[in-house]
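The structure appears below as structure tokens.
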Amino acid sequence: MDALVHLLQLLVLLLTLPLHLMALLGYWQPLCKSYFPYLMAVLAEKTNHMMESKKRELFSQIKELKGPSGKVALLELGCGTGANFQFYPAGCRVTCLDPNPHFEKFLKKSMAQNKHLQYERFVVAAGEDMRELADGSMDVVVCTLVLCSVQSPERVLQEVRRVLRPGGVLFFLEHVAEPRGSWAFMWQRALEPTWKHIGDGCLLTRETWRDLEKARFSEVQIERHPPPLKWLPVGPHIMGKAVK
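Numbering (my numbering) for the sequence shown: -15 to 228.
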């Protein structure tokens, strides 16, 4: 099967050769950073419609994690356009973190539409290095469709544990690899070298549940769900929480 995967990767590369040449020459990444927020803004409404019940179920637990102030200090990691804001309970103090500064204007618009939240600030940084955030400063961290595209899921989860207070919770909703040995997994492997350019670093074959289980949280709860969009190579989703 490996030989077939390599052949398919080559065929896809040839079909998308201009994209790969632009990436090789350093032109694609700046272009992607500019257009990606607009693409996410278009997709957010569709995705929220399909995942609404799951997001409401997951984020309904946030209100139980209020700190001494009576509010929830919430960090959204890889916040994007703020598509999750509408699902957060009232009284959350939201800090947004994303390495792409082009998302900021979309975040301001989303916050203006969600007056039940208190917008703290937008931190332009990668999840692997959240030095601007103090140890134990967050009651909740939210991470949706982010760990597929970070450089090091292990380092990101270390940083999440650092910024969470004792008993704080990471809520996650991530797409993961199809079962190894399946035809769907083979296609994910074949498409991944091209898909990561289109999806701003998104990798299709991450087995993120393994990273969560190894990240030294005191408790990890994971549910597995089928992919919401059958026509995309994005695989099953995992949803749940990890307690510091």
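C-beta atoms are modelled at their ideal positions from N, C-alpha and C, and glycine is treated no differently.
Buried or exposed by the 16-neighbour rule on C-beta atoms within 10 Å, applied to residue i
i	result
Ser94	buried
Gly232	The structure shown does not extend to residue 232, since the chain spans only -15 to 228, so no value can be given for it.
Glu191	exposed
Met(-15)	exposed
His100	exposed
Ala67	buried
Element boundaries [beta strand (DSSP E), containing residue i]
i	result
Lys225	221 to 227
Thr128	122 to 128
Arg105	102 to 108
Val(-11)	Val(-11) -> not in any beta strand (DSSP E); alpha helix (DSSP H) instead, spanning -14 to -1.
Ala267	Outside the displayed range of the chain (-15 to 228) lies residue 267, so it cannot be described from this structure.
Ile206	203 to 209
N-terminal and C-terminal residue of the alpha helix (DSSP H) that residue i is part of
i	result
His86	Element bounds for His86: n/a, residue is neither H nor E.
His33	12 to 43
Pro137	137 to 147
Lys232	With the chain represented from -15 up to 228, any question about residue 232 goes unanswered, as that position is not in the structure.
Cβ-Cβ separation, residue j to residue i (assumed contact under 8 Å), whole Å
i	j	result
Glu158	Leu187	That belief does not hold up - the Cβ atoms of Glu158 and Leu187 are roughly 11 Å apart, past 8 Å.
Cys76	Val107	Not confirmed; about 16 Å, so no contact.
Asp123	Leu58	7 Å
Leu(-5)	Thr178	At roughly 10 Å, the Cβ-Cβ gap does not stay under 8 Å, so Leu(-5) and Thr178 are not in contact.
Tyr22	Phe43	About 25 Å; that fails the 8 Å criterion.
Ala174	Leu(-8)	4 Å
Gly111	Gly64	Not a contact, Cβ separation roughly 13 Å.
Met114	Val147	6 Å
Among the options, the one whose alpha carbon lies nearest that of residue i
i	options	result
His209	Val160, Met170, Asp113	Val160
Gln97	Gly54, Gly151, Phe69, Lys180	Phe69
Glu60	His33, Phe156, Glu203	Phe156
Pro52	Met34, Val227, Glu88, Ser121	Ser121
Checklist entry - Below 8 Å, can you find three or more Cβ-Cβ pairs linking the segment 10 to 17 to the segment 125 to 136? => result Contact fails: fewer than three Cβ-Cβ distances are below 8 Å.
Next on the checklist: For the segment 130 to 146 against the segment 165 to 174, do three or more pairs of beta-carbon atoms, one drawn from each stretch, fall closer than 8 Å, so that the two count as touching?
Outcome noted: Because the criterion of three Cβ pairs below 8 Å is not met, the segment 130 to 146 and the segment 165 to 174 do not touch.
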